Structure formats: C-alpha cells, structure tokens
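For the record, the sequence lines run as chains A and B.
The working numbering applies: residue 1132 is where the first sequence begins, and numbers increase by one.
The working numbering applies: residue 1098 is where the second sequence begins, and numbers increase by one.
All residues carry an ideal CB built from backbone N, CA and C; glycine is no exception.
Predicted model only: the values in this text are computed from it and were never measured.
Read the structure below first, then the notes.
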Amino acid sequence: MSEQWRISVDGRRCIGTGICAGAAPRHFMLVDAVSTPLAEQVTPDEAVLDAAHSCPMEAITVRDAAGRIIAPEP
Amino acid sequence: MTDTPTPQLSPARPYPFSPPVRPDPDPPYAQLRRTQPMVRVQLPYGEEAWLATRYADVRTVLGDPRFSRAASVDRDEPRMTPQRVDGGILAMDPPEHTRLRRLVARAFTARRVEQLRPRTREIADDLLTRMIDSGPPADLVTAFATPLPITVICELLGVPVADQDGFHVWSEAIVSTTSLPPERIREYLDNLYAYIAGLVAERRHAPRDDLISALVEARDQRDKLSETELVQLIAGLLAAGHETTVTQIPNFVYALLTHPDEWERLKSAPQLIPNAVEELMRWVPLGVGSSFPRYALEDVDIGGVRVRAGEPVIASLSSANRDETVFADPDRLDLTRAVNPHLGFGHGVHHCLGAQLARMELQVALAALLDRLPGLRLAVPEAELAWKSGLLVRGLRTLPVTW
Chain A
1132 MSEQWRISVD GRRCIGTGIC AGAAPRHFML VDAVSTPLAE QVTPDEAVLD AAHSCPMEAI
1192 TVRDAAGRII APEP
Chain B
1098 MTDTPTPQLS PARPYPFSPP VRPDPDPPYA QLRRTQPMVR VQLPYGEEAW LATRYADVRT
1158 VLGDPRFSRA ASVDRDEPRM TPQRVDGGIL AMDPPEHTRL RRLVARAFTA RRVEQLRPRT
1218 REIADDLLTR MIDSGPPADL VTAFATPLPI TVICELLGVP VADQDGFHVW SEAIVSTTSL
1278 PPERIREYLD NLYAYIAGLV AERRHAPRDD LISALVEARD QRDKLSETEL VQLIAGLLAA
1338 GHETTVTQIP NFVYALLTHP DEWERLKSAP QLIPNAVEEL MRWVPLGVGS SFPRYALEDV
1398 DIGGVRVRAG EPVIASLSSA NRDETVFADP DRLDLTRAVN PHLGFGHGVH HCLGAQLARM
1458 ELQVALAALL DRLPGLRLAV PEAELAWKSG LLVRGLRTLP VTW
C-alpha cells in the first residue's frame, strides 16, 4: 500500500496525559512526559485516529497521503 | 545451583490506611515509597492487591498496556464497596474503551471548554451575589461549590438544572462506599439510569444542541454504542462531572484559607491562579484511598517486585503526588511551583475525561472568590470542620465562611 498517514505531535500543547500511548502503544510513547510518534509515516490504523480524537489538547494531527487533516475534526 | 530464596511476603496491610479526617495523605505512604514501594494490601472487599506508591511505578501501572482494567470484570476485584458496580467505560481497555471515549472526548477538549469559561464565570458571580446578599456567614458548599459545577455540567449535557434535587442525591451512589447501604446504592443507580433513559427518549424525539442529543445521534445514526452504554455513559458524565469538582472547590478553599500567606499571594497575583489550581490538584489528596485495580496481563517487574500475570495492582495518585524524587519539598503547598507533572487527574487511557473542564471550573471558582470576597475566612475554628465519610472522595460536609 502506498497510502500512508503522517502523524505529528505538538510538543508545546501536549500535557502528557498518556492517553495516546495507552490507546495506540504501537504509534506513540512518552519521552520525558511528552508524546512522541514512534514513526511519522504509518499504514492507516484506526488506533491512530482514536488517539488523536481522544487527546484533550488536540495535540495530535493525522494527515492522509495528500496532506489533508483527517484528525482531529475541526 | 543455588536455591533462590523465596521472598517472604509480609501479610497484607488493611487499606485505606486511615480515615479521611483531613486532606492529608496517609502517613505510611512516605515510608513505603522509601522502603517498600510495592506493598501487599487488603481493601475492604475483594482479593488482595499490590499497592504502588512511587510516582514512576504509578505511571507505569496506569499507562502501560500490560496492565488491564477489563480483566477486573471476571475477578473479585479489590474495592471499597460490598457491591460490584457496573464499571462501564472504567472497566474497559482499548480499543473498546477508545471507541466510547472518542465519542465524548470532543466535548471536553481544552478548546471547547474554553468557550464555556465566560458562562461559568457568570454562574459563579450570580451565586456569589446571592451569597453576599444573604450573609455573612454562609456555607460555601451549598451556596457556591455545589451549584456551580452542577449548573455547568447540566448545561453541557442538556440536563434540566431544575431536576438536580433528584439526580444530585442519586449521584452519591457513584462515589459512595459506606455512606449508603448497598440496597440504597442500587436503588439510586436505578433511579439515575431511569432518569437518563427518559432524557434520551426526549432527545431522540426532539434533538437539541447538547451532548445528550449528540450521543443519541451517534447511537441511532452511526451505531457507535449500545443503548445501555449510552445511558451509563451519560449517567457517569453527570455524576462524575460534578461530584468531584463539588468536592474539590471546598477542599481548595480550605487549603488556601489555612495557608493565609498563599491566599494573600494569590490576591496580589491572580495570574498565578492556573498554576495554583495545578498545585492544589497535586497537594489535595482527593481520593480516600485508591481503587480501580489494574490486572497484569503478563509478568511485570516493577518497584523491585515481580507482579505475576493475573495479579491486581492499585496505584496511589495521592502518594505519587508527594514523591520527593519528582517534587521538591513535596509536602509544601507552593502555588509558584514550576515543575509540577502531578497525577491529580490520573494517567493513561483513563485520564480524567473532564480534566480540562474541571481545571477551568476551579480556576473560575478561585478567581470569582478572590475578586468578590478578598476578605474570605473560615467562620469556625479549623478543628470544628466536619469531613465526609463513607465516600471514595475526601471532602467537607460544610464550609462555614465569613468575609
């Protein structure tokens, strides 16, 4: 599959709740209490959207291959 | 070959360690963090458990997917109450947990909550105007701390505030341990669920711009959750959405009025309020004890012991928040504390859904009190204050104040 998603975390917004690392441990981990994506490009996985939609700070952005934001919802 | 000595497990200690007479963390925590950071405890009901008291271990237990809440469903879960209450979203793991959580998470983001701030301040000011008109003295619990969060969560969900005489009483069932007899807890929960089911039916018929309508739509048009989940989720939001903040506002005010230097500091520097709320979240041990054990899904080495697969672990937020390896001078209330990664709202997938809402409400409550009642003080000697008992949370029955 060439279709890949791109994950970014805004470290200034992140408050280290650990929600993303718990909901999608294959995609996020906390480094010094700040969420960090394990890989910036990933094969589409609902868990990534779950994590982005569950973040109270909306610190996680997921873009599709064309660069459109697919999470969080506006 | 040498025999590995089997570590002698000391008998499980009864837990919680002491009754909630003041908002002080149990003294044994400090000693345990130093000498026995993973200790065997026996809660009032259910099987024995490990108790984690160090900050790093608490974060691991709450944040690491090797520890499960869902596994508690089939076990005699360590708990504070004789009855097993349906855990709902608190007894789920990802991805089931996340499926439900993301339906409501949008309503509780920092961005959404910020839009509620002006209205929250308006409610706070109205309540204080009424309190000032009829006092001093006044009971801050009934005049201010209770109606403020209830009004906010009702408006957000779309629950008529006028119905609070019913649901506020029933909500106690969610945080009760021994304050209510088991049959009364069941009765209150049934009342609460029936009441919510009625609101769900109303919104299904005539949707409005509120969270209940949005959740009904998520169920009916997108089949995202079951009817039982829908009702339990809303009941949980309504109850958790106010029981905790209702309790924390008086706890915070108590903490400040018994630390007059800090209260004065806040008066002269109100820009410190957000920082003060974080420090008070750290310093006030809201939970009487900890519960909601996580079950190890595999053997995990943590805090110097090996937790075997299938064993439950309880994580003490109150102890973690006083861990001297993370917080300098941890027992001191310091509103200017710079480094404060407290766990007052928990950690991991079950991190408090309403954390941003609670932060905003607590900030508004303190700001309104400082503006309107700078001379606020206790109306009775501190020793006369009565603390609630038989609940999961530590709080004041009444908080008599004058100004």
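Minimum Cα-Cα distance from Ile1346 of chain B among the listed residues B:Arg1405, B:Ser1231 and B:Val1381 corresponds to B:Val1381. For the C-beta of Ala1170 of chain A, not a single chain B residue is nearer than 9 Å; the gap to the nearest is close to 18 Å. With respect to chain B, the C-beta atom of Ser1166 of chain A has no partner C-beta closer than 9 Å. In the DSSP secondary-structure assignment, Thr1192 of chain A is bridged to A:Ser1139.
In this chain, the alpha helix (DSSP H) harbouring Val1201 of chain B covers Glu1193 to Ala1202. Going by DSSP, Arg1151 of chain B is part of no beta strand (DSSP E) at all; its letter is neither H nor E.
With respect to chain B, the C-beta atom of Cys1145 of chain A has no partner C-beta closer than 9 Å. The C-beta distance from Asp1154 of chain B to Ile1399 of chain B rounds to 5 Å, short enough to fall under 8 Å. Membership of Val1381 of chain B in any beta strand (DSSP E) is not indicated, and neither H nor E is assigned to it by DSSP. Between the region 1457 to 1474 of chain B and the region 1223 to 1241 of chain B, the count of Cβ pairs shorter than 8 Å is three or higher; the stretches touch.
With respect to chain A, the C-beta atom of Asp1154 of chain B has no partner C-beta closer than 9 Å.
Residue contact check for Asp1141 of chain A against chain B: no CB pair falls below 9 Å. In the DSSP annotation of this structure, the continuous segment of the beta strand (DSSP E) that includes Leu1161 of chain A starts and ends at Phe1159 to Val1162. Going by DSSP, Met1457 of chain B is part of no beta strand (DSSP E) but of the alpha helix (DSSP H) stretching over Ala1452 to Arg1469. Here Arg1469 of chain B is near Ile1229 of chain B, since their CB atoms are less than 9 Å apart. When CB distances to chain A are screened at a threshold of 7 Å, not a single residue of the region 1300 to 1314 of chain B falls below it. Looking from the CA of Ser1165 of chain B, the closest CA among B:Leu1200, B:Ala1425 and B:Glu1193 belongs to B:Glu1193. Restricting attention to B:Pro1191, B:Arg1283, B:Leu1454 and B:Asp1358, the CA atom closest to the CA of Leu1159 of chain B is found in B:Pro1191. Residues of chain A with a Cβ closer than 7 Å to the Cβ of Gln1453 of chain B are, in chain order, Pro1187.
Partner residues in the beta bridge of Ala1393 of chain B, as assigned by DSSP, are B:Phe1164.
Under the DSSP assignment, Arg1419 of chain B falls outside any beta strand (DSSP E); it carries neither an H nor an E label.
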